[in-house]
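**Student:** Take this structure, written in structure tokens, and hold onto it; I'll ask about it next.
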Amino acid sequence: MQKWEYLTAPLLVHNTKLILDNFGDDGWELVAIVPGLNPENLVAYFKRPKAG
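Just remember that this note's numbering sits 67 ahead of the position in the sequence shown, which is counted from 1.
Right, here's the structure in full:
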């Protein structure tokens, strides 16, 4: 059975694509983006297969 590791990270609205591309290059798949504490803050949730 596949095991996963998870990551949460803040996203800056003015630099979202670059941040997401960097996580994608490291093998992270975006699962969800939710609002942060204020409108300019977002929180991204990622997952990737656990190295076994």
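We treat Cβ as the ideally placed atom computed from N, Cα and C, and that holds for glycine.
What residue does the alpha helix (DSSP H) around Asn-89 start on, and which one ends it?
**Tutor:** Taking the sequence shown and counting its residues from 1, one reaches residue 89 at position 22. Where Asn-89 is concerned, the enclosing alpha helix (DSSP H) stretches over 83 to 92.
**Student:** Under the DSSP definition of a beta bridge, which residues are partnered with Ala-29?
**Tutor:** In the structure as shown, the chain begins at 68 and stops at 119. Residue 29 is therefore absent and cannot be evaluated.
**Student:** If we ignore side chains and look at the alpha-carbon of each, how far apart do Lys-117 and Tyr-73 end up?
**Tutor:** Within the sequence shown, numbered from 1, the residue matching residue 117 stands at position 50. Within the sequence shown, numbered from 1, the residue matching residue 73 stands at position 6. Whole-angstrom Cα-Cα distance: 9 Å.
**Student:** How long is the line joining the alpha carbons of Lys-70 and Phe-113, rounded to whole angstroms?
**Tutor:** Taking the sequence shown and counting its residues from 1, one reaches residue 70 at position 3. Taking the sequence shown and counting its residues from 1, one reaches residue 113 at position 46. If you take the alpha carbons of Lys-70 and Phe-113, they lie about 14 Å apart.
**Student:** Between the beta-carbon of Asn-105 and the beta-carbon of Pro-77, is there less than 8 Å?
**Tutor:** Along the sequence shown, read from residue 1 onward, the residue named residue 105 stands at position 38. Along the sequence shown, read from residue 1 onward, the residue named residue 77 stands at position 10. For Asn-105 and Pro-77, no; Cβs fall outside 8 Å.
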